[in-house]
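Protein chains in written order, with the numbering used here: chain R, 45 to 185; chain D, 2 to 183. Quick notes on the structure that follows.
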Amino acid sequence: TIGMVVIHKAGHTAAGTSTNGLKFKIHGRIGDSPIPGAGAYADDTAGAAAATGDGDILMRFLPSYQAVEYMRTGEDPTIACRKVISRIQKYFPNFFGAVICANLTGSYGAACNKLPTFTHFSFMIYNYLKNQPTEEKVSCI
Amino acid sequence: RSPLPLVLNTWPFRDATEAAWKTLASGGSAVDAVENGCAVCEREQCDGTVGFGGSPDELGETTLDAMIMDGTTMDVGAVGNLRRIKNAIGVARKVLEHTTHTLLAGESATMFAESMGFTKEDLSTNTSQALHSDWLARNCQPNCWRNVIPDASKYCGPYKPRGILKRDAPTYKETGDNYGHD
Numbered sequence: 045t046i047g048m049v050v051i052h053k054a055g056h057t058a059a060g061t062s063t064n065g066l067k068f069k070i071h072g073r074i075g076d077s078p079i080p081g082a083g084a085y086a087d088d089t090a091g092a093a094a095a096t097g098d099g100d101i102l103m104r105f106l107p108s109y110q111a112v113e114y115m116r117t118g119e120d121p122t123i124a125c126r127k128v129i130s131r132i133q134k135y136f137p138n139f140f141g142a143v144i145c146a147n148l149t150g151s152y153g154a155a156c157n158k159l160p161t162f163t164h165f166s167f168m169i170y171n172y173l174k175n176q177p178t179e180e181k182v183s184c185i
Numbered sequence: 002r003s004p005l006p007l008v009l010n011t012w013p014f015r016d017a018t019e020a021a022w023k024t025l026a027s028g029g030s031a032v033d034a035v036e037n038g039c040a041v042c043e044r045e046q047c048d049g050t051v052g053f054g055g056s057p058d059e060l061g062e063t064t065l066d067a068m069i070m071d072g073t074t075m076d077v078g079a080v081g082n083l084r085r086i087k088n089a090i091g092v093a094r095k096v097l098e099h100t101t102h103t104l105l106a107g108e109s110a111t112m113f114a115e116s117m118g119f120t121k122e123d124l125s126t127n128t129s130q131a132l133h134s135d136w137l138a139r140n141c142q143p144n145c146w147r148n149v150i151p152d153a154s155k156y157c158g159p160y161k162p163r164g165i166l167k168r169d170a171p172t173y174k175e176t177g178d179n180y181g182h183d
């Protein structure tokens, strides 16, 4: 799955996803990616976020919407992303998932749920401070 | 050297990041950038979890999910279980631009896409077909069924509801990216 968020100069935000979903899913299954607030979410008055992982679980917690709402209250993007992962961990400690978050000032962050087979999450960032597409990693929590 | 504009995307899909950035640099909107960025992975397949030729379902078919959201207008376009159309986020953009809806699904979403000028084509490849036949050869493991007969943790379907519903643990014990994800 690709989840992408863009914060433009004039404060315009956008978010999106595209995926071919879960391997060997039951015919007709739809995951979290196309669900606004789950796969991705954007609001010019707060920020934008996107998620990837086990869509059947993620969809139930609307992680992207929740992250944006945390940023609306002034939470740093990394903290907002971590809080969203923690909320899901309480119910599904072994879920596979990661979230990316960006606020209106261009700060960004990411978080993921630590599993034996998933300890770091890579994402891409591009802004004038980087002047090229740059891969960054976060340690899962 | 402001931190804006900003492009951020999951996983190290560099070409997608680059395409989004170039869209902004050439005067495109934030929504244009998201659409063009995600469309790169639909063409290039990225790590196999985006676009045609990946993640076959139980019948061996690849279907696509996508969404796009404009944070200025709060407009959303989305498609779920889109069949036989490669550019899912492009169709999602048409839902956003040309309907008052938010989400279209399945064969009906494919018909909408065709009416918007998208071409129908097979999304399967040798890779996805091989993935599917290997899965069939492993008695359809892992799968997404529970509380059914025959026992879904051992056999393929078709399945029927188990008479006395006993709570089953999910078929796949270990979670993690080797069992596929969204």
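Glycine included, C-beta positions come from ideal geometry on N, C-alpha and C. Computed from a predicted model, the values in this text were never measured in an experiment.
Leaving aside the five residues before and after D/Met14 along the sequence, list all residues of the same chain whose C-beta is less than 7 Å from its C-beta, in chain order.
Taking the first residue of the second sequence as position 1, residue 14 of chain D is located at position 13. The amino acid occupying residue 14 of chain D in the given sequence is Phe; Met does not appear at that position. Excluding positions up to five away in sequence, the list reads Cys42 and Cys47.
Does any residue of chain D bring its CB to less than 8 Å from the CB of R/Tyr135?
Translated into positions along the first sequence, residue 135 of chain R becomes position 91. No, no contact with chain D.
Within 8 Å (strictly less), CB to CB, does R/His71 reach chain D?
The count along the first sequence starts at 1 and reaches residue 71 of chain R at position 27. Yes, because at least one Cβ of chain D sits closer than 8 Å to the Cβ of R/His71.
Using DSSP with H/G/I as helix, E/B as strand and the rest coil, what is R/Gly72?
Residue 72 of chain R sits at position 28 when you count from the first residue of the first sequence. In this structure, R/Gly72 counts as coil in the three-state DSSP scheme.
Three-way DSSP call (helix, strand, coil) for D/Phe113 in this model
If you number the second sequence from 1, residue 113 of chain D lands on position 112. Of the three classes helix, strand and coil, the one that applies to D/Phe113 here is helix, per DSSP.
Sort out for me which residues DSSP pairs R/Cys145 with in a bridge.
Your numbering for residue 145 of chain R matches position 101 in the first sequence. For R/Cys145, which the question treats as bridged, DSSP gives the partners R/Ala93 and R/Gly153.
If you drop the 5 nearest sequence neighbours on each side, which residues of the same chain put their C-beta closer than 6 Å to that of R/Ala92?
As a first step, residue 92 of chain R must be located in the first sequence, where it is residue number 48. Here the set comprises Val49, Thr57, Ala59, Ala86 and Ala146.
So which residues of chain D does R/Asp76 contact, with C-beta pairs closer than 8 Å?
Taking the first sequence and counting its residues from 1, the one referred to as residue 76 of chain R is at position 32. The contacting residues are Asp183.
Using the Cα positions of R/His164 and R/Ala54, report the straight-line distance between them to the nearest angstrom.
Position 120 of the first sequence holds residue 164 of chain R. Position 10 of the first sequence holds residue 54 of chain R. So the two alpha carbons sit approximately 33 Å from each other.
What does DSSP give as the partner residues of R/Leu159 in its beta bridges?
In the first sequence, residue 159 of chain R corresponds to position 115, counting from 1. Its beta-bridge partners are R/Phe162.
I'd like to know whether the C-beta of R/Thr63 is nearer than 8 Å to at least one C-beta of chain D.
For this step, residue 63 of chain R is matched to residue 19 along the first sequence. Yes, contact with chain D.
Where the alpha helix (DSSP H) through D/Thr11 begins and ends:
Numbered from its first residue, the second sequence carries residue 11 of chain D at position 10. First-last for D/Thr11: Leu7 to Thr11, but that is the beta strand (DSSP E), not the alpha helix (DSSP H).
When you compare the CB of D/Arg85 with every CB in chain R, is at least one pair closer than 8 Å?
The residue given as residue 85 of chain D occupies position 84 in the second sequence. It does not: the Cβ of D/Arg85 has no partner Cβ on chain R nearer than 8 Å.
Suppose the cutoff is 8 Å on Cβ atoms and the five residues either side in sequence are ignored; what does the same chain contact list for R/Glu113 look like?
Position 69 of the first sequence, counted from the start, is the residue given in the question as residue 113 of chain R. Cβ within range, chain order: Ala90.
Do R/Ile101 and R/Cys125 come within 8 Å of each other at the CB atom, strictly closer than that value?
For this step, residue 125 of chain R is matched to residue 81 along the first sequence. For this step, residue 101 of chain R is matched to residue 57 along the first sequence. Contact flag unset, no.
Could you name the residues of the same chain whose beta carbon sits closer than 8 Å to that of R/Ser187, not counting the 5 residues immediately before and after it, in chain order?
Nothing about residue 187 of chain R can be read from this structure; chain R reaches only from 45 to 185.
Below-8 Å beta-carbon distance, R/Tyr109 vs any chain D residue:
Mapped onto the first sequence, residue 109 of chain R falls at position 65. So no, R/Tyr109 is outside the interface.
So D/Glu43 is in the alpha helix (DSSP H); what residue range does that whole segment cover?
Along the second sequence, one-based indexing puts residue 43 of chain D at 42. Residues Ala31 to Glu45.
Out of R/Ala94, R/Ser183, R/Phe68 and R/Gln176, which one is the CA nearest neighbour of R/Ser166?
Position 122 of the first sequence, counting from 1, holds the residue named residue 166 of chain R. Nearest of R/Ala94, R/Ser183, R/Phe68 and R/Gln176 to R/Ser166, Cα basis: R/Ser183.
Have a look at D/Ala21, D/His133 and D/Arg139 and flag the residue whose alpha-carbon is nearest the alpha-carbon of D/Gly54.
Position 53 of the second sequence holds residue 54 of chain D. Nearest of D/Ala21, D/His133 and D/Arg139 to D/Gly54, Cα basis: D/His133.
Out of curiosity, what's the CA-to-CA distance linking D/Lys174 and D/Thr73?
Translated into the one-based positions of the second sequence, residue 174 of chain D becomes position 173. Translated into the one-based positions of the second sequence, residue 73 of chain D becomes position 72. Note that D/Lys174 scores a pLDDT of 46, beneath 50, so its modelled location is shaky and nothing firm can be said.
Can you list, in chain order, the stretches of the alpha helix (DSSP H) that have 4 or more residues and sit fully within the stretch 67–93 of chain D?
none
Along the chain, where does the beta strand (DSSP E) containing R/Ile129 start, and where does it finish?
Taking the first residue of the first sequence as position 1, residue 129 of chain R is located at position 85. Not the beta strand (DSSP E): R/Ile129 falls in the alpha helix (DSSP H), residues Pro121 to Tyr135.
What does the Cβ neighbour count give for R/Glu179, buried or exposed, with the cut at 16 atoms within 10 Å?
On the first sequence, position 135 is the one that residue 179 of chain R refers to. Exposed: under 16 other Cβ atoms inside 10 Å.
Measuring CB to CB, does R/Ile169 end up less than 8 Å from D/Asn82?
For this step, residue 169 of chain R is matched to residue 125 along the first sequence. For this step, residue 82 of chain D is matched to residue 81 along the second sequence. Against a cut-off of 8 Å, the Cβ pair of D/Asn82 and R/Ile169 comes out as no contact.
By a C-beta neighbour count over all protein chains shown, 10 Å radius and 16 as the cutoff for buried, is R/Leu106 buried or exposed?
Position 62 of the first sequence, counting from 1, holds the residue named residue 106 of chain R. Residue burial is scored here from C-beta neighbours: R/Leu106 has at least 16 other C-beta atoms within 10 angstroms and is therefore classed as buried.
When the Cα of D/Pro143 is compared with those of D/Asp71, D/Ala17, D/Ser154 and D/Leu5, which residue comes out closest?
Within the second sequence, numbered from 1, the residue matching residue 143 of chain D stands at position 142. The residue with the shortest Cα to Cα distance from D/Pro143 is D/Ser154.
Looking only at its own chain, which residues have a Cβ that is under 6 Å from the Cβ of R/Phe136, when we skip the five neighbours before and after it?
Counting from 1 along the first sequence, the entry for residue 136 of chain R is found at position 92. A distance below 6 Å between beta-carbons, with the five flanking residues on each side excluded, links R/Phe136 to the following residues of its chain, in chain order: Ile101.
For D/Trp146, the nearest candidate out of R/Asp98, R/Phe68 and R/Asn64 (CA to CA):
Along the second sequence, read from residue 1 onward, the residue named residue 146 of chain D stands at position 145. When only C-alpha atoms are compared, the closest one is R/Phe68.
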